[in-house]
C-alpha cells in the first residue's frame, strides 16, 4: 500500500508536469544560467579558478532545487490539493515520499545537465572517469537536500511568507549536505583524486539522509495536522 | 473489518489560532440519516468545526468521537469521511477524469467504472477529458462534490456546497444530499444560503463567535429564526 501511494502521487505529479513542462524548463534554465554566469566570473583567460567548479555545481543545484520546491508546492496550494491528499486514507508518510521522489527526480535531471556543463566549462575532464563515486555523491546529496526541502515546503504551504521562509529555514539545515557534496566533489576533482576522502563524504551524506528521512517521515503527519 | 460509526459526538471542543478564538467549548452530536445545517455569520467558526470533524485540524481541547473511535484511528477513519471544502481539492491542470481516478485510487478504489459513474452524476459525462482549469466554478463544484463522495463516506462534510451552482445544479446537489442521508450518511452542511437550507436540513445548528447558540430541529421560516438568534442574514 505504501509503495502504491508513493507511485500514485509521483505519477500524478508527472502527469501535471507533462501538461506544461513548466517546472522542468524553469529549473533547468535557471541552473544552466547560474553555471554560465559563474563561468564568466571564475574562468580568466581560459583558466578556471582552482576549486571553484565543485562549489558552483552544488550552489546551482541548491538554488535550482529551492525554485523547484517552491513551484511544486505552489501547485498543491492552489485548490488546497495538499489537504485533499491528507484527507485520503493513505499513509501520510507515503504521500510525503511520493512528493519527495518527484523532487529528487527533478534534481537528478538538473545534475544530469549541470555535470557535463561544469566538466566542459571548468575543464574537469577527469571527473567523468570517476563516475561511480560522483554518482553516489550526487544521488545522496540530492536525496538529503530534497528530504529537508520537501518537509519545509509542505509545512509552509499555507504560510503567507512561504517564499521568504523556505530559503531561510532550508539553507541552514542543508549546509552539512551541501558542504559534504562540495568537498566530496572537490576530492574527486583533485589530482590525483582523493577517493578515500570522497567516500568519507559520501558516508556522511548517507548518514545525513538516513537521519533526516527518518525524521521527516516521523514528523510529517503531526506537522500537517493544523 | 472496515471501521464504521453511526454517530459523531464533539464534546467541549475549543480551538484558538494565535490569540483569535475560533471555537469555544462547542458540543455537537450528529447521527446517521440526518442532514444538519451549520449556520452562522462569517468568522463564526463553521469552517474550523468542519476542519476538526474532518481530522485535518486538531482541537485545542475537547474530544471528537466517531462512534467508538477517535481521530487516532487515522487512515481507517479518513476512509469514512468525505469533505467538500470551499477550496475544491482538485488539480486544475488535470482532466476531470484524471482527478477522479487519482482520488479513487488513493482511496484504494480501482474499479475503472467508478470515476465514470461519478462524472455522470456530476453532469460532466462528456467533459471527462477536459482539464479542470477550463471549467466554470459550478462545474468544478459538482466535480468536487463527486470527488468527495467517491468512497461512499459515512460522514459527509459540505462547506458551502451550493457556491456557483445554477438552479438546475442546485436541484441535482440538493437531491444528492437527500439521497446520501437516505442511504444512512451523516451529513453536515455549512452554508450562508438560508433559502436553500430551508427545507433541506433536518436540524439547524447556529454558531456565533465560536460558540453554539442554538441546536434545534428544522422548521419553516429558517431566515426569520436565523435573524432572531444571530441578528443578521
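Protein chains in written order, with the working numbering: chain S, 46 to 271; chain R, 3 to 235.
Backbone N, C-alpha and C define an ideal beta-carbon position, used for all residues, glycine too.
Check the Cβ of residue i against every Cβ in chain S and list those closer than 7 angstroms, keeping chain order.
| i | result |
| --- | --- |
| residue 162 of chain R | Going along chain S, no residue has its Cβ under 7 angstroms from residue 162 of chain R, so there is no contact; the nearest lies around 14 angstroms. |
| residue 49 of chain R | Within chain S, no residue comes near residue 49 of chain R; the closest Cβ sits about 11 angstroms away, beyond 7 angstroms. |
| residue 77 of chain R | 134, 135 and 136 |
| residue 80 of chain R | 132, 133 and 134 |
To which residues of the same chain is residue i closer than 7 angstroms at the C-beta, ignoring the five residues directly before and after it?
| i | result |
| --- | --- |
| residue 95 of chain R | 133 and 135 |
| residue 210 of chain R | 42, 43, 46 and 232 |
| residue 72 of chain S | 109, 112, 113, 151 and 155 |
| residue 192 of chain S | 145, 254, 257, 258 and 261 |
| residue 61 of chain S | 120 |
| residue 235 of chain R | Legend: pLDDT at residue 235 of chain R = 45, less than 50; position of this residue unreliable, value from coordinates given subsequently. 196, 225, 228 and 229, listed in sequence order. |
| residue 87 of chain R | 161 |
| residue 186 of chain R | 34 and 35 |
| residue 50 of chain S | 135, 136, 139, 140 and 143 |
| residue 50 of chain R | 17, 24, 25 and 59 |
Output needed for residue i: all residues of its chain with C-beta closer than 8 angstroms, excluding positions within five of it in sequence on either side, in chain order.
| i | result |
| --- | --- |
| residue 204 of chain S | 210 |
| residue 107 of chain S | 190, 216, 219 and 223 |
| residue 268 of chain S | 196, 199 and 200 |
| residue 97 of chain R | 130, 131, 132, 133 and 134 |
Please compile the residues from chain R whose C-beta is within a distance smaller than 7 angstroms of the C-beta of residue i.
| i | result |
| --- | --- |
| residue 64 of chain S | 95 |
| residue 258 of chain S | None at all; the shortest Cβ gap to chain R is about 21 angstroms. |
| residue 70 of chain S | None at all; the shortest Cβ gap to chain R is about 15 angstroms. |
| residue 195 of chain S | The premise fails here: residue 195 of chain S is roughly 18 angstroms from chain R at the closest Cβ pair, so nothing lies under 7 angstroms. |
| residue 119 of chain S | Ordered by position in chain R, no residue passes the 7 angstroms Cβ test against residue 119 of chain S, which lies about 12 angstroms from the chain. |
Once you ignore the five residues that flank residue i on each side, which residues in its own chain have a CB closer than 6 angstroms to its CB?
| i | result |
| --- | --- |
| residue 190 of chain S | 110, 219 and 222 |
| residue 166 of chain S | 84 |
| residue 200 of chain R | 224 |
| residue 48 of chain S | none |
| residue 217 of chain R | 207 |
| residue 61 of chain R | 15, 17 and 54 |
| residue 239 of chain R | No answer is possible for residue 239 of chain R: it lies beyond the span of chain R, which begins at 3 and ends at 235. |
Grouping DSSP H, G and I as helix and E and B as strand, with all else coil, what is residue i?
| i | result |
| --- | --- |
| residue 53 of chain S | helix |
| residue 39 of chain R | strand |
| residue 194 of chain S | helix |
| residue 94 of chain S | coil |
| residue 267 of chain S | helix |
| residue 13 of chain R | strand |
| residue 60 of chain S | helix |
| residue 89 of chain S | strand |
| residue 5 of chain R | coil |
| residue 226 of chain R | helix |
| residue 202 of chain S | coil |
| residue 19 of chain R | strand |
| residue 260 of chain S | helix |
| residue 219 of chain R | strand |
| residue 235 of chain S | coil |
| residue 235 of chain R | Any reading at residue 235 of chain R needs caution, since the residue's pLDDT is 45, under 50, leaving its predicted position unreliable; the model's value is listed next. Residue 235 of chain R: coil per DSSP, three-state reduction. |
| residue 209 of chain R | strand |
| residue 32 of chain R | strand |
| residue 136 of chain S | coil |
| residue 113 of chain S | helix |
| residue 26 of chain R | strand |
Determine the chain R residues that contact residue i at a beta-carbon separation under 8 angstroms, and present them in chain order.
| i | result |
| --- | --- |
| residue 124 of chain S | 89, 90, 91, 92, 93 and 94 |
| residue 204 of chain S | Per Cβ cutoff of 8 angstroms: no residues; residue 204 of chain S is ~13 angstroms from chain R at best. |
| residue 128 of chain S | 58, 87, 89 and 91 |
| residue 351 of chain S | The structure shown has nothing for residue 351 of chain S, since chain S only spans 46 to 271. |
| residue 53 of chain S | 104, 107 and 108 |
| residue 50 of chain S | 108 |
Which bits of chain S does residue i rub up against, with CB to CB less than 8 angstroms?
| i | result |
| --- | --- |
| residue 85 of chain R | 132 |
Along chain S, in chain order, which residues have C-beta atoms closer than 9 angstroms to that of residue i?
| i | result |
| --- | --- |
| residue 144 of chain R | Within chain S, no residue comes near residue 144 of chain R; the closest Cβ sits about 15 angstroms away, beyond 9 angstroms. |
Can a CB atom of chain B be found closer than 9 angstroms to the CB of residue i?
| i | result |
| --- | --- |
| residue 236 of chain S | Among the protein chains in the structure shown, which are S and R, there is no chain B. |
Which bits of chain R does residue i rub up against, with CB to CB less than 9 angstroms?
| i | result |
| --- | --- |
| residue 270 of chain S | 57, 58, 59, 60 and 73 |
### Task
Could you run through the region 92-121 of chain R and flag, in chain order, every residue whose CB is less than 8 angstroms away from some CB of chain S?
Per Cβ criterion, the list reads 92, 93, 94, 95, 96, 100, 104, 105, 107, 108, 109 and 110.
### Message
Which complete alpha helix (DSSP H) runs does the region 147-201 of chain R hold, if anything under 4 residues is left out?
### Response
You should have 169-184 and 196-199.
### Task
Return the residues of the region 130-161 of chain S that lie within a Cβ-Cβ distance of less than 9 angstroms from chain R, sorted by chain order.
The residues in question are 130, 131, 132, 133, 134, 135, 136, 137 and 140.
### Task
Give the residues from the region 53-67 of chain R that approach chain S closer than 9 angstroms (Cβ to any Cβ), ordered along the chain.
The residues in question are 53, 56, 57, 58, 59 and 60.
### Query
Can you list, in chain order, the stretches of the alpha helix (DSSP H) that have 4 or more residues and sit fully within the region 55-104 of chain R?
With a minimum length of 4 residues, the continuous alpha helix (DSSP H) runs that stay inside the region 55-104 of chain R are 77-80.
### Message
Extract the residue ranges of the alpha helix (DSSP H) inside the region 141-180 of chain S, only unbroken runs of 4 or more that lie entirely within it.
### Response
Counting only runs of 4 or more, we get nothing.
### Query
Using a Cβ cut-off of 9 angstroms, which residues of the region 170-189 of chain R contact any Cβ in chain S, in chain order?
The residues in question: there are none.
### Query
For the region 108-134 of chain R, which segments carrying the alpha helix (DSSP H) assignment without a break, of at least 4 residues, lie completely within its bounds, in sequence order?
Fully enclosed alpha helix (DSSP H) runs of 4 or longer: 115-123.
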